[in-house]
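Protein chains: 2
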Amino acid sequence: MKFICTQENLKKGLSLVSHLAGKNQNLPILNNVLLEVKNGLLCLSTTNLEIGIKTKVRGKVEREGSLTVPAKIFSDYIQSIRGEKIELIAKENNLEIKTENSETVLKGLDYSEFPLIPEIEKKYSATFTAEDLKEGLSLVLFATASDTARPEISGVLFNFNKDKLVLAATDSYRLAEKIINIRTNIEANKKIIIPLFTLQELNRLIGEIEKKQEIIMNINDNQVSFENDTTVMISRITEGEYPDYKHIIPQTEKTKATLNRILFQQSIKAASLFCRQGINDISLFFYKDKVEIRALNDQLGESKTFVEGKIEGEKNQIIFNYHYLLDVLSSLNDSEIIIKINNPETPGLLIPAKRSDYLYIIMPIKQ
Amino acid sequence: MKFICTQENLKKGLSLVSHLAGKNQNLPILNNVLLEVKNGLLCLSTTNLEIGIKTKVRGKVEREGSLTVPAKIFSDYIQSIRGEKIELIAKENNLEIKTENSETVLKGLDYSEFPLIPEIEKKYSATFTAEDLKEGLSLVLFATASDTARPEISGVLFNFNKDKLVLAATDSYRLAEKIINIRTNIEANKKIIIPLFTLQELNRLIGEIEKKQEIIMNINDNQVSFENDTTVMISRITEGEYPDYKHIIPQTEKTKATLNRILFQQSIKAASLFCRQGINDISLFFYKDKVEIRALNDQLGESKTFVEGKIEGEKNQIIFNYHYLLDVLSSLNDSEIIIKINNPETPGLLIPAKRSDYLYIIMPIKQ
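First to last, the sequence lines map onto chains A and B. Counting from 107, one number per residue, gives the positions in the first sequence under the numbering used here. Counting from 107, one number per residue, gives the positions in the second sequence under the numbering used here.
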């Protein structure tokens with residue numbers, strides 16, 4: 107194998123794939139990136155056996171061939187060198203890396219040991235923009251259960267519904283639901299669960315691409331892929347049935363507060379310094395034209411902050427874990443949000459004031 | 107006590123003092139900041155018993171008085187609230203903090219428990235600019251021994267010499283010496299050793315002030331202070347005699363290389379990926395018109411990078427710990443540096459190409 111490309115192209119390709127290659131003591135080949143020079147391109151692949159990522163690097167093929175080298179050091183080295191043009195030459199299982207002012211040999215492993223990353227039949231697919239997917243993920247991922255005791259909620263529900271895709275995530279204390287626009291031939295009401303780690307990696311990948319780019323998602327019975335013109339990521343789908351959450355969405359409310367998102371967020375951050383450690387409780391009191399945010403801690407003292415806003419309905423109060431509020435308030439971009447509550451014992455609802463594609467339900471802390 | 111000031115002034119004062127107040131389980135008062143309202147000002151103080159910092163906050167005194175409150179939460183809270191004007195009111199040992207839209211009570215401790223921070227007689231003093239002191243510290247602090255087995259080298263030597271102050275630091279593997287300009291009435295050849303931690307705190311403080319500001323240093327037999335018009339920091343001086351290092355500075359060299367600092371630094375970073383872990387060894391080979399930087403690791407492979415430059419004298423080679431090179435190369439701002447060596451067994455010297463106020467000696471790794 108012999109391949110010549112720019113440092114920039116190679117650096118970019120490695121930044122997409124090398125993160126997934128870890129420090130696997132039992133299976134060292136998983137720490138490596140697979141280099142395949144064929145069909146006029148260099149293809150870079152990494153996998154952790156649950157997820158695989160492949161990306162294409164443009165350049166000049168002088169001799170086809172394949173090998174694997176440790177991903178982290180290869181990526182770090184390519185980032186640290188200077189020189190516009192890089193030559194990559196396989197010498198048995200070693201990779202020679204040459205620039206105008208450097209000559210380096212990186213020891214590799216035979217490519218035949220590298221696990222095969224499956225291809226997915228492109229029969230059922232959905233298309234969305236990188237921007238829409240990124241916004242969708244950023245508004246639900248934080249609500250996903252991070253422990254794996256209940257695998258079905260340690261992933262995000264993708265519920266296909268004609269030209270809408272409903273993303274939902276919950277850790278059983280709060281639930282987030284976001285609707286994004288898609289074009290698809292996937293049957294209406296098809297539901298799949300995609301593991302949290304897959305979507306965290308996907309979120310990282312789409313952070314590196316142009317936001318108007320289209321991303322195509324392909325699914326089959328137990329696998330899913332996300333791809334654009336250079337890169338594809340493949341993952342298993344979580345088996346199991348996602349809990350039916352529609353019945354817990356409050357349909358009416360006794361009190362409705364419309365608040366400036368940033369002022370509300372700042373006030374909660376300030377009050378959070380005085381909450382009880384481990385409980386993280388802050389109280390919200392809804393008055394005629396303002397919300398009072400109160401936290402109390404026997405050792406430290408007590409904090410009260412007032413946020414003015416439009417309050418409709420009854421005087422009311424509720425206690426929330428402040429983390430659940432800050433997660434959503436810091437992920438939204440809207441200038442105003444609405445909180446709807448009924449009483450201190452039942453879930454509250456938080457939505458953007460001016461659009462209807464997102465909702466967030468929070469269980470209260472009962473006194 | 108009752109005091110009214112802007113959020114900005116109070117935030118700034120707290121950012122200077124609160125870092126020093128730690129999490130002292132045995133002596134909780136050391137986690138607190140002392141607030142003293144008197145003489146038309148609020149004075150904030152913290153101490154860890156080795157160092158004390160005091161700063162003045164401007165505002166309106168309504169009632170004099172003193173108390174102490176936990177420094178970290180007070181500082182975090184003042185940073186997180188909004189509101190131009192802040193009222194601070196002592197109610198017994200509690201501090202009420204009021205703004206237009208918040209009312210908070212922070213529990214404190216009686217000020218009489220707070221350790222007295224001594225004053226230093228202003229008899230022997232030196233004056234320098236914040237900029238000169240900052241540059242001096244940034245070029246020697248990294249070479250200071252961080253273990254305290256030998257207290258005299260886990261501090262920096264301040265050697266006063268009329269209108270020059272020589273700063274020197276060593277961990278016995280490398281030595282840095284920087285000369286800065288001062289105005290002083292301290293006797294010529296006076297030497298004191300200031301603990302590393304004091305200077306790290308000082309470095310942090312001067313990072314927050316305007317670089318042309320003057321800083322006055324006062325010394326007595328066992329204490330030193332650094333102050334500007336609002337803030338003073340006081341520390342003990344380390345007892346003991348600083349090692350006499352003048353005789354280890356190489357006076358001649360067999361090989362002298364003038365190199366671009368940034369290219370040399372990049373090449374060392376790239377090569378460092380291939381050094382042996384724990385040894386951190388990279389080899390430098392001096393040829394007619396370039397230096398080769400080489401690192402070799404049985405598991406990973408081998409890296410060679412070439413940096414062109416002006417090489418005078420003999421062909422030569424030497425092995426260094428790459429950390430010792432990166433520390434100095436990343437702290438200097440000069441575009442060119444000079445390395446002088448004699449042979450692989452004796453120390454090398456690194457200096458800026460165009461000024462003579464700094465030198466750095468590195469012990470080689472012997473083969």
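Even for Gly, the Cβ is constructed at its ideal location relative to N, Cα and C.
Would you report the Cα separation of Ile444/B and Met339/B, rounded to the nearest angstrom?
One Cα belongs to Ile444/B, the other to Met339/B, and the distance between them is close to 37 Å.
So Lys268/A packs on Gly242/A, CB below 8 Å; how close in whole Å?
17 Å between Cβ atoms; not a contact.
Under a Cβ-count criterion, where at least 16 other Cβ atoms within 10 Å of its own Cβ denotes burial, should Asp216/A be classed as buried or exposed?
Exposed, by the Cβ-count rule.
Between the region 421 to 435 of chain B and chain A, which residues of the former have a C-beta closer than 7 Å to a C-beta of the latter?
none
Just the chain A side, please: which residues come within less than 9 Å of Ile179/B by C-beta, in chain order?
Leu379, Phe380, Leu406, Gly407
Given this structure, state the Cα-to-Cα distance separating Arg280/B from Leu122/B, to the nearest angstrom.
32 Å
Residues in the same chain with beta-carbon distance under 6 Å from Lys296/B, minus the five sequence neighbours each way, listed in chain order, please.
Phe266
If we define contact as Cβ-Cβ less than 8 Å, is Gln94/B a contact residue for chain A?
Lying before the first or after the last residue shown, residue 94/B is absent from chain B, which here runs from 107 to 473.
Give the residues from the region 210 to 226 of chain A that approach chain B closer than 7 Å (Cβ to any Cβ), ordered along the chain.
Thr210, Val211, Leu212, Lys213
Report the option in Met323/A, Asp277/A, Leu379/A whose CA atom is closest to the CA atom of Tyr430/A.
The shortest Cα separation from Tyr430/A among Met323/A, Asp277/A, Leu379/A belongs to Asp277/A.
Return helix, strand or coil for Gly242/A, following the three-state DSSP convention.
Reduced to three states, the DSSP call for Gly242/A is helix.
Sort Thr205/A, Asn138/A, Ile424/A, Asn145/A by Cα distance to Ser409/B and report the nearest one.
Among Thr205/A, Asn138/A, Ile424/A, Asn145/A, the Cα nearest to that of Ser409/B is on Thr205/A.
8 Å is my cut-off, CB to CB: does Thr152/B come that close to chain A?
Answer no: the Cβ-Cβ gap between Thr152/B and chain A never drops below 8 Å.
Alpha carbon to alpha carbon, how far is Glu307/B from Gly189/A? Give it in angstroms, no decimals.
40 Å
Starting from the C-beta of Glu193/B, find all residues in its chain whose C-beta is less than 8 Å away, skip the five residues before and the five after it, and write them out in chain order.
Lys108, Phe109, Ile110, Glu202, Ile203, Lys204, Thr205
If you check the beta carbons only, do Asp470/B and Glu451/B fall under 8 Å apart?
Strictly speaking, residue 470/B in this sequence is Pro, with Asp absent from that position. It is a contact, given that the beta carbons lie within the stated cut-off.
Under 7 Å from the C-beta of Ile187/A: neighbouring residues of chain B:
Ala376
Closer than 8 Å, CB to CB, is Ser121/A near chain B or not?
no
For a contact defined as C-beta to C-beta under 8 Å, what are the partners of Lys108/A on chain B?
The premise fails here: Lys108/A is roughly 18 Å from chain B at the closest Cβ pair, so nothing lies under 8 Å.
What beta strand (DSSP E) runs, 3 residues minimum, are completely inside the region 180 to 226 of chain A?
191 to 197, 200 to 205, 208 to 213
Taking 8 Å as the limit between beta carbons, can you name the residues of its chain near Asp395/A, skipping five residues before and five after?
Glu414, Gly415, Lys416, Ile417
Own chain residues within Cβ distance below 6 Å of Thr153/B, not counting five before or after:
Pro221, Ile223
Compare the C-beta of Tyr183/B with all C-beta atoms of chain A and state if any pair is closer than 8 Å.
Taking 8 Å as the CB threshold, Tyr183/B lines the interface with chain A.
Where in the region 132 to 182 of chain B do unbroken runs of the beta strand (DSSP E), each at least 3 residues long, occur, reported from the N-terminal end onward?
138 to 144, 147 to 153, 157 to 163, 166 to 169, 171 to 176
Find the residues of chain B that neighbour Leu412/A, judging by a C-beta separation of less than 8 Å, and give them in chain order.
According to the sequence shown, residue 412/A is Phe rather than Leu. Here the neighbours are Asn207, Ser208.
Nearest residue (CA-CA) to Asp404/A, options Lys213/B, Ser124/B, Ile184/B
Out of Lys213/B, Ser124/B, Ile184/B, Lys213/B has the C-alpha closest to the C-alpha of Asp404/A.
Segment contact flag, the region 363 to 371 of chain B with the region 167 to 182 of chain A, C-beta cutoff 8 Å, min 3 pairs
no
Tyr348/B versus Phe391/B - alpha carbon distance
34 Å
Let me check one thing: in DSSP terms, what residues is Val397/A bridge-paired to?
Phe392/A, Val413/A
Kindly identify the DSSP beta-bridge partner or partners of Leu273/A.
For Leu273/A, which the question treats as bridged, DSSP gives the partners Phe264/A, Lys284/A.
DSSP-derived helix/strand/coil call for Ala236/B:
Secondary structure of Ala236/B (DSSP, three-state): helix.
Am I right that Ala177/B and Ala127/B are in contact with their C-beta atoms under 8 Å? What's the rounded C-beta distance?
3 Å
Is Asn84/A close to chain B? Criterion is C-beta to C-beta, closer than 8 Å.
The requested residue 84/A does not occur in the structure, where chain A is confined to residues 107 to 473.
Would you tell me roughly how many angstroms separate the C-alpha atoms of Leu379/B and Asp463/A, rounded to the nearest one?
48 Å
Assigned exposure category for Cys373/A - 16 Cβ within 10 Å defines buried:
Looking at the sequence provided, one finds Ser at residue 373/A rather than Cys. With 16 or more other Cβ atoms within 10 Å, it is buried.
Once the 5 residues before and after Glu168/B are set aside, which same chain residues still bring their CB inside 6 Å of it?
Lys108
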